[in-house]
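Down below is the structure, laid out as structure tokens.
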Amino acid sequence: RQSIEQAIDFYKRQQKELDQKIAKTASQCSSLQEKAEIVQSCKGVGPVTTAILLCELPELGTLNRGEIAKLVGVAPIANDSGQKHGKRTIHGGRRIVRKAIYMATIVAMRWNDKIKTCYQQLRANGKPAKVAIVAGMRKLVTILNLMVRNKQKWGENQLAT
Numbered sequence: 005r006q007s008i009e010q011a012i013d014f015y016k017r018q019q020k021e022l023d024q025k026i027a028k029t030a031s032q033c034s035s036l037q038e039k040a041e042i043v044q045s046c047k048g049v050g051p052v053t054t055a056i057l058l059c060e061l062p063e064l065g066t067l068n069r070g071e072i073a074k075l076v077g078v079a080p081i082a083n084d085s086g087q088k089h090g091k092r093t094i095h096g097g098r099r100i101v102r103k104a105i106y107m108a109t110i111v112a113m114r115w116n117d118k119i120k121t122c123y124q125q126l127r128a129n130g131k132p133a134k135v136a137i138v139a140g141m142r143k144l145v146t147i148l149n150l151m152v153r154n155k156q157k158w159g160e161n162q163l164a165t
């Protein structure tokens, strides 16, 4: 029991040290700091998601919405052949970014009105929960991409997406 508590304390200290190192690195580069402030202004996106996006997705703000969705791996890919029309699935892209956006979307469904509305409308139309979450993920990525491209924080001239 005591060794488990010591391990937990050790990992908490390590996490705190890593968070400080990430913040220090981001603050040393003015363009990264500006992007971080813009991305974190969106409700549902925290410091961990911001760090992952800035490190693993440097193209954020430079691509159009279809390209960024494909790069993250949240674009629906057709599975059709001849007369067969299969379900659209997501795959490919950058797994770590997709996982971070998934968690941010789960939080955003509660606090971000645009993502919450998107999710609720799809569920009301009979879509499965996971499909609605993936649509919310795509919407969140698109919004973040647009915010970084226009250098606008959340709430400044509410983005029309």
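Reading the sequence shown from the start, the letters are residues 5 to 165 in the working numbering. C-beta atoms are modelled at their ideal positions from N, C-alpha and C, and glycine is treated no differently. Quick caveat, the model's predicted, so the values are computed rather than measured.
| Item | Value |
| --- | --- |
| Alpha helix (DSSP H) runs contained entirely in the segment 86-125, provided each spans 4 or more residues | 99-115 |
| Residues near G70 by beta carbon distance below 8 angstroms, same chain, minus five either side | A79 |
| Range covered by the alpha helix (DSSP H) that runs through C59 | 51-60 |
| Selected residue, minimal CA-CA separation from C46, among T109, I100, T93 | T109 |
| Contact between the segment 129-141 and the segment 40-59 (3+ Cβ pairs under 8 angstroms) | no |
| Other residues of its chain near G159: CB distance less than 8 angstroms, five sequence neighbours each side excluded | S45 |
| Start-to-end residues for the alpha helix (DSSP H) that takes in E63 | Unbroken run through E63: none, as it is neither H nor E. |
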